[in-house]
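These notes are about the structure you will find just below.
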Amino acid sequence: DITNYTLTVNIQIVVDVYEIILEVDDDKSSFETDGKKEYYEKTTSGYDHYYPVDASYRKESIDTAVDGETFHFFKDFEASWFQLVSSKYFLKSEYNDEVAAFFQEEFPGSTVSNLELIVGDTYFDTMIFDVTVGEAMYRFTMTLSAIGETTITLPSV
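What follows is the structure, encoded as structure tokens:
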């Protein structure tokens, strides 16, 4: 199981692009969007959540981490779900619902299509797919990097 990596998620909605950076370092993780970075550390009773306040950070204990866990769905993929075409792996259409299930909490009623993986030496380098909710379509581009090299230093509180 992969426990140390950086996942950069770009979400394109028409011409606007939003970036989320998720870092995982064993029991620590971070979630950055709009220039604001929050940290989570797994404890014996839940999580410590570090969040920015003005120019410093505060810490609170919480039951569950809200650290972009939805985006880690790729860990549940199975090789049999994909078909190799021209050095890219495409999700077979019969598994679109399996992947869409990961997005139902944040995008109720969504569908997933056109999922392709570009595979590196050991893991995927890039995953591209569309999530459609009603009339809106979101193009996701997820890039996996710094595998085994991501270091998270928790802020002082």
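Just add 493 to wherever you are in the sequence shown, counting from 1, and you've got this note's numbering.
Here a beta-carbon is modelled for each residue, glycine too, at the ideal position from N, C-alpha and C.
Inter-residue spacing [alpha-carbon to alpha-carbon] between residue i and residue j
i: L608; j: F622; result: 4 Å
i: V612; j: D618; result: 5 Å
i: V502; j: M620; result: 9 Å
i: Y631; j: F596; result: 12 Å
i: E628; j: T537; result: 43 Å
i: D614; j: S579; result: 16 Å
i: N497; j: T643; result: 6 Å
i: S549; j: F575; result: 45 Å
i: D651; j: I506; result: Outside the shown range of the chain (494 to 650) lies residue 651, about which nothing can therefore be said.
i: K530; j: S606; result: 30 Å
i: D494; j: V508; result: 36 Å
Minimum Cβ-Cβ distance from residue i to chain C less than 7 Å
i: E534; result: In the displayed structure, chain C is absent; only one protein chain is listed.
Residue i, DSSP secondary structure in three states
i: A572; result: helix
i: Y631; result: strand
i: F466; result: The structure shown does not extend to residue 466, since the chain is modelled only from 494 through 650, so no value can be given for it.
i: V578; result: strand
Candidates the options, of which the one nearest residue i by Cα
i: F633; options: S649, T615 and V592; result: V592
i: T499; options: V605, E512 and E516; result: E516
i: D518; options: V650, P648, S649 and A639; result: A639
i: M635; options: H565, K529, Y532 and E531; result: H565
i: V624; options: G641, A594, K568 and T557; result: A594
i: F600; options: Y532, V626, L610 and K568; result: V626
For residue i: DSSP bridge partner residues
i: T536; result: G539
i: D547; result: Per DSSP, none; premise fails for D547.
i: N607; result: According to DSSP, which records beta bridges pairwise, N607 is partnered with nothing at all.
i: E516; result: T499 and S523
i: V508; result: Answer by DSSP bridge pairing: none, since V508 is not bridged.
i: P587; result: Looking at the sequence shown, residue 587 is not Pro but Glu. DSSP output for E587 lists no bridge partner at all.
i: F595; result: Partner(s): none; F595 has no beta bridge.
i: E531; result: F524
Between the segment 543-552 and the segment 518-531, do three or more beta carbon pairs fall short of 8 Å? With a cut-off of 8 Å, the segment 518-531 and the segment 543-552 count as touching, because enough Cβ pairs lie within range.
Taking contact to mean at least 3 C-beta pairs separated by less than 8 Å, is the segment 549-556 in contact with the segment 585-600? No contact exists between the segment 549-556 and the segment 585-600.
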